[in-house]
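Going down the list, the sequences are from chains H and E. Per this note's numbering, the very first residue in the first sequence carries number 111; after that it's consecutive. Per this note's numbering, the very first residue in the second sequence carries number 817; after that it's consecutive. Backbone N, C-alpha and C fix where the C-beta goes; we use that ideal spot for every residue, glycine too.
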Amino acid sequence: MYRDFADIPTGSGYAVDRECDTVSEKTPLSASLADNLILLRERFGISADLVIREVRVAGYDAALISIEGMVDRHMMANAVILPLMRMQEGYPDAKTLMREIRENVLGFVDLLEAKTAEELIELIISGFAAILIDGIGTASLGGLQAFMIRGVSEPSTEVSVRGSREGFTEAIRVNVSMVRRRLKTPQLTFEMTSVGTESRTAVCLCYMRDRVSQRLLRDVRRRLRHCTLDMVLDSGYIQPFLEGKRRSVFTGVDTTERPDTLCGKIAEGRIGVLVDGTPFALVTPYLFSEHFQSMDDYTQHPLYASFIRMIKYVSFFVSLLLPGLYVAVGTHHPEMLPSVFLLSFINSDRSTPFSLTVEALLIHFVFEIMREAGLRFPKSVGHAVSIVGALVIGESAVRAGLVSAPMVIVVALTSISAFVIPSLYGSIATLRFVFIVLGGTFGIYGVALGTLLLVISVCSLNIRGIPITAPISPFSLKAMRDVFIRSDWRVLSRKRFLVQNVVGSRIAEGEEEQPNA
Amino acid sequence: MHKTSRISGGQLVALLLASRLSNCLLLTPNSLDGVTLTDSVLATLLSGILLFLLFLPTLLALRRFRGRGLIDVAYLHGRPMGRVVCIAYVLLCLFILCLDIVQFYDFAEKSMKAGFSVTALTVAIVAVAFAAAFYGIQALGRTALLVAAFSAVCLIVFSTALVPEMRLLHFSPTVGSGFPAILRRAVAELPRTAEVVAIGMLYPYIGGSRTGVAAVFSGLTVLFTALVSVTAMGVLGDFSSQVAYPYYTAVTAVQLGVFQRMDILIITVWLSTFFVRMTLFCTLFLSVCSRVLGRRSRVPAAVIATLLLAGFTLLVSGGMPVGGWPWVTAVYWWVLGAFCLILPPVLRLMIKNKRRGAV
């Protein structure tokens, strides 16, 4: 079921969102075809992709308007132009002719009507073909979208061992169909709108009507309406608008590349936001503990899944704190270490010219440069960068005495651990530098202080009245069945989990929303 | 603080407990007060009951004015009265923060043996606590829950690890010190629980059940204080009166896994609880300031208070012998007495008289 913000009934999902339209004054289409064509040419300027094919239909002047590359040329020729040209004369007026065309000639699944220039333009640029006839001030539009899209492929950031190999693509309609295929319930609703005053990017809200909180839904709609961007080229553009005021490096809105993951989130009362041109769907509200959950957890044995989950939590702390703690202990508290390890540590540290803090900052900085380079380069060159990096940093730098061997081990361990939770990589990589500086300045006390400030900042996050640290703090023992451990499906299925009912949620209690949320 | 930022009763208990643990971990020979180990446990039990009684006047007064804190109640009498109470609370928060800084500085100087400036660390903690205070009471409540759980687990682990080090000889007969000594010790324990004044201000922010918060907090305080006393005195015996911080000294003897010494870990635990305590009183300070001067005054108030406390830290680090002042505990006692035993009933009476006059 598709719904539009303005409740325009449509089968296409490409209805015009009137509330998001920034053109306040709408220009009605003229009854004169020539005037309408002049208007369109004025609006599009000298744009080469606007195709206007003027034809005579049953003795009336008409024009077929489309955007090159957005419509199927064969369908246009065979299903639109030819039947129109074959129509016999004898219609009393253009209005009757247009009704006949709509009812008996055009066989489109998506058949819409536009009365204003703005509606007409928005639908044309969405891949519709428009028919304008001289003597009538309305246009008929048929959905003939056929642009080149990337095929469905395996998600690159959320690889699953046993789960589906399907990942979202850039085409919003393909993504919608992937979600629909997995949730065959009429409760699943897709609301289409467009965001971006210039880009008019199609955005689709997905949710289950019987599970989503109406307050949550209203809030997401309001935030999307207030999105003031002129260009929206990726889901990341609208993410800050959904987050609200940011008070922490972590966030209550996250992304997924997997349709099955999105379905799981929607089934728990969350809202998915698909953005045209992006293979990542936004999910809100997103609890902090969800970063440690993956699709594989639910396909494997609960014992093993729980073990993997514990590994993820440990990896998180290792990737975040290990370099800072290493610098802190090495610089200020070496007495903590066993004597054998201490001797080997002192020996390796003596051979390097830099202090431990500078060494850690330097090597992490170099690592991030290499990671970024490996990511942006073509794949073949990326491998070369990895090899050069490993040889130069791992081998030569140690031999040259620029960095100590334990530091290389710490960096390697930290970096590998960070990749266990890819959704938190950005936050972890940034915070790691802060903890290194704190550890070097105030030792373990600095690291502890930084951790506490980080914890309090995360704890302050409420996404639409839902604390993202729930159910850890505020604590709920019942909800722990899927946090640090993953219980058996028989246990999980006993009571349906809905995100708005999570402990500490003000949505469930019906209280007023906090201003900072 | 917005009144929409609510904390649960459990979070309030955790908040008060985490704050109290920062004092509890710094068990000093003065706080042992010359009583034997078993008598010390009895004194702790007695102090728990006294602590609960100390809560009662505030709770009874607030029950009368449902949903309001003591400052709100003062404002019911009139703006001048409200402002006087607010100023009193601002001074109280600053007083507690100053004493915390003294305690921190003293402990850091004696125990941390750090290669960095303790003064700089103290100032950093004050600044971070004020920054954290801006996240609000809700965030602090949630953080306190984690800190309290972490600290409780660590305390239990430390004490369990120290069981083999304890000597039966250190467990002397009950009431060996005499009842007056036990009572003196129990009363001396009370000023260490400054959290009792916080409840008057935190009351409006508690969502859900409020009953039992004082009882559970008092009970848990007794439990952990007893655990710390038993561990420290059980391990060190009479030697505990010779060292500055007996529990800390006892824990340094533990060896866990690859770690040779546990002193860093116990300091980290203590620092976490200390951070919660500082942030709690910074939050209350900012809350009262915004009540008197408006919400926009919070940033300047935080900056001024940070500078004042940083200046005080410099005085302490410069050799100001605050820690040795014997009257500090007495002042603490009088202040607590004024805010817990006198202010709530007086406010209640004044409002009652005002209403009668109005009728």
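Query: Contact set for E:V1013: own chain, Cβ-Cβ below 7 Å, skip 5 residues either direction; Result: L908, L1152, F1155, C1156
Query: C-alpha distance - H:S416 paired with E:L1100, whole-angstrom precision; Result: 41 Å
Query: Whole-angstrom distance between H:L326 and H:P577, CA atom to CA atom; Result: 13 Å
Query: Residues of its chain near H:V133, where Cβ-Cβ distance is below 7 Å and the 5 sequence neighbours each way are ignored; Result: Because the pLDDT at H:V133 is just 44, under 50, the model does not fix this residue reliably, and the value given afterwards should be weighed accordingly. If we look at H:V133 and ignore the five residues flanking it on each side, its Cβ neighbours are E228.
Query: Residue nearest to E:L1018 in terms of C-alpha spacing, selected from E:A859, E:Q954, E:V1070; Result: E:Q954
Query: Chain E contact residues for H:R460, given Cβ-Cβ distances below 7 Å; Result: Residues of chain E passing the Cβ test: none, with the nearest at roughly 17 Å.
Query: Beta carbon proximity, E:L999 to chain H, threshold 7 Å; Result: no
Query: According to DSSP, residues forming a beta bridge with H:R596; Result: H:D592
Query: Simplified DSSP state of H:M318, which is helix, strand or coil; Result: strand
Query: E:G825 versus H:I582 - alpha carbon distance; Result: 16 Å
Query: Residue ranges of each beta strand (DSSP E) within the segment 161 to 205 of chain H, 3 or longer; Result: 170 to 177
Query: C-beta neighbour in chain E for H:G558, strict 7 Å; Result: It is worth fixing the name first, because residue 558 of chain H is Ala in this sequence and not Gly. Output row for H:A558: interface = yes.
Query: Validate contact between the segment 505 to 525 of chain H and the segment 423 to 433 of chain H using beta carbons, cut 8 Å, 3 pairs; Result: yes
Query: Buried/exposed call for H:G306, threshold 16 Cβ in 10 Å; Result: buried
Query: Three-state secondary structure assigned by DSSP to H:T394; Result: strand
Query: Cβ-Cβ distance between E:A1066 and E:T1041 below 7 Å; Result: no
Query: When H:I526, H:M590, H:A144, H:G614 are compared against H:V428, the one with the closest alpha-carbon; Result: H:I526
Query: C-beta atoms of H:R260 and H:E276 nearer than 7 Å; Result: no
Query: Closer than 8 Å at the beta carbon, the chain E residues around H:Y555; Result: M928, A930, L937, I1083, T1084, L1087
Query: Delimiting residues of the beta strand (DSSP E) encompassing H:D364; Result: 364 to 366
Query: Positions along the segment 576 to 596 of chain H whose CB lies within less than 8 Å of some CB in chain E; Result: P577, T579, I582, S583, P584, F585
Query: Near-chain E residues of the segment 443 to 468 of chain H (beta-carbon distance less than 7 Å), N- to C-terminal order; Result: H443, E445, M446, L447, P448
Query: Nearest residue (CA-CA) to E:T852, options E:M1049, E:L1131, E:A1146, E:L1124; Result: E:M1049
Query: DSSP-derived helix/strand/coil call for H:A312; Result: strand
Query: For H:S465: DSSP bridge partner residues; Result: According to DSSP, which records beta bridges pairwise, H:S465 is partnered with nothing at all.
Query: Test: H:F543 CB closer than 7 Å to a CB of chain E; Result: no
Query: Through-space distance from E:V969 to E:L870, alpha-carbon basis; Result: 28 Å
Query: Min CB distance H:I573 to chain E below 7 Å; Result: no
Query: Buried/exposed call for E:F995, threshold 16 Cβ in 10 Å; Result: exposed
Query: Cβ-Cβ distance between H:M459 and H:S404 below 7 Å; Result: The residue you asked about is not Met; residue 459 of chain H is Asp in the sequence shown. No, these two residues do not count as a Cβ contact at 7 Å.
Query: Nearest candidate by alpha-carbon position, reference H:F464, set H:L608, H:V508, H:P488, H:Q255; Result: H:V508
Query: 7 Å CB neighbourhood of H:F154 in its chain, flanking five on each side removed; Result: L160
Query: Where the beta strand (DSSP E) containing H:E223 begins and where it ends; Result: 221 to 224
Query: Own chain, CB closer than 6 Å to H:G379, minus 5 neighbours either side, in chain order; Result: R321, V322, L608, V609, Q610
Query: Residues of its chain near E:S835, where Cβ-Cβ distance is below 6 Å and the 5 sequence neighbours each way are ignored; Result: E1011, V1092, R1093, L1096
Query: For E:A1010, three-class secondary structure by DSSP; Result: coil
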